[in-house]
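Before any comments, here is the structure.
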Amino acid sequence: MEQRKEQHWVEELFPPHFTAQDLLAPSVHPQPILVSEQFAATRAKRIEEIYQQGIVKFQEEQKRKRKSKTSVLIVREYDSKPVPSVQQVKGIQSKKDAQSNNSVYNRSDKTIEKGIQEIEDQCIWNAQELAVLRQGMHRKETEHNKTKAQMSILNSEMEELRKNSKKLTEHVDMRETALFNAKQELQIRTIHLKQIIQESFKKDSQLQALEKDLKDKRTTVSSLSKELQQTRLEVQDLKLKNKDLLIDLEKLTMQHEVEKYNLVEKAKEQGGIELKKLQMELDAMKNELKKEKFQHARNVKALEHLRKHFSSLPYNSVEEFKVQFL
Numbered sequence: 042m043e044q045r046k047e048q049h050w051v052e053e054l055f056p057p058h059f060t061a062q063d064l065l066a067p068s069v070h071p072q073p074i075l076v077s078e079q080f081a082a083t084r085a086k087r088i089e090e091i092y093q094q095g096i097v098k099f100q101e102e103q104k105r106k107r108k109s110k111t112s113v114l115i116v117r118e119y120d121s122k123p124v125p126s127v128q129q130v131k132g133i134q135s136k137k138d139a140q141s142n143n144s145v146y147n148r149s150d151k152t153i154e155k156g157i158q159e160i161e162d163q164c165i166w167n168a169q170e171l172a173v174l175r176q177g178m179h180r181k182e183t184e185h186n187k188t189k190a191q192m193s194i195l196n197s198e199m200e201e202l203r204k205n206s207k208k209l210t211e212h213v214d215m216r217e218t219a220l221f222n223a224k225q226e227l228q229i230r231t232i233h234l235k236q237i238i239q240e241s242f243k244k245d246s247q248l249q250a251l252e253k254d255l256k257d258k259r260t261t262v263s264s265l266s267k268e269l270q271q272t273r274l275e276v277q278d279l280k281l282k283n284k285d286l287l288i289d290l291e292k293l294t295m296q297h298e299v300e301k302y303n304l305v306e307k308a309k310e311q312g313g314i315e316l317k318k319l320q321m322e323l324d325a326m327k328n329e330l331k332k333e334k335f336q337h338a339r340n341v342k343a344l345e346h347l348r349k350h351f352s353s354l355p356y357n358s359v360e361e362f363k364v365q366f367l
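Counting from 42, one number per residue, gives the positions in the sequence shown under the working numbering.
Here it is as structure tokens:
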């Protein structure tokens, strides 16, 4: 009871929920606000708004009066004195503004102090109680600012998360679109691959048929090569025989010349009749020799044409020749 009597009535009405350490420590959680504290905070805020409105209104009124006085003063000075320069007008205006601002500030301070004194006289609390209320309001405002800053940070983080989520959603949509396009491309490529496989089977069948045909043609070419080799051997034999015939012809020619000489000698000895007979025989032998030379030349030309013909024949012609030959 004694301790309760020693307490002030404000302490009973507004029990303290914090200390100076609580104000300095940012990690301490705020205590729940009482209804009376909320009412006091609302009232203090309203008083502050009235105070700010009074200051703004007073400053605007003083500014309006200062402008009107300045304009009148400028007109009077302009009528009585020569026109000053722009710098002089600015200097005069700055001096007057400074003086008027000082007077305005002095008057506003006096008016503010007077308004505060009137408000304190009308309040049910004294200056000490209002100081306690101001401390509580300051603490609440500090906590509110901290909470507001945290909310701002959280909102910025939330906005960043939303942007990231939107980007991820767009990225996922792009990926899904790319995946859908890839699936369609895969289906098209699968169909194309099946067609390529079918065409490959057809090409393999055609290739096998071509290989078989090539094998047959190789066999045919081999047989034709053998026949051509045999023909070349025969041509070579004919050339050798022709050479032998030429040698025999030369021998016969020499023998004929010798015989002719002998016959001439004999004919000279035997007389004109025998000479005529020999001449007739000689002419007959010459004719026969011409025929043999002509026949020999024809044989040589025929062999040469045959060799050129076989060497210039294409593959199909050689095959037809083989068929005709067989």
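A virtual CB, placed ideally from N, CA and C, is assigned to each residue, including glycine.
DSSP state of residue i mapped onto helix, strand, coil
i, result
"L354", "coil"
"R348", "helix"
Cβ-Cβ separation, residue j to residue i (assumed contact under 8 Å), whole Å
i, j, result
"V276", "L347", "7 Å"
"L286", "H337", "6 Å"
"M199", "A82", "About 29 Å separates the two Cβ atoms, so there is no contact after all."
"L269", "F351", "6 Å"
Outcome for residue i when other beta-carbon atoms lying within 10 angstroms are tallied against a minimum of 16
i, result
"L304", "buried"
"L248", "exposed"
"L265", "buried"
"L202", "exposed"
"L220", "exposed"
"L174", "buried"
Neighbourhood of residue i by C-beta distance below 8 Å, restricted to the same chain and skipping five residues each side
i, result
"L209", "none"
"E102", "none"
Contact set for residue i: own chain, Cβ-Cβ below 6 Å, skip 5 residues either direction
i, result
"E161", "Interpretation of E161 is limited by its pLDDT of 47, a score under 50 that renders its predicted location unreliable; no figure is taken from the coordinates."
"K317", "none"
Cutoff 8 Å: residue i Cβ touching any chain D Cβ
i, result
"K86", "Considering every chain present, this structure includes no chain D. It has just one protein chain."
Residues near residue i by beta carbon distance below 7 Å, same chain, minus five either side
i, result
"K106", "none"
Practice task
Can you check the segment 262-340 for any alpha helix (DSSP H) of at least 4 residues that lies completely inside it and give the ranges in chain order?
Solution key: none
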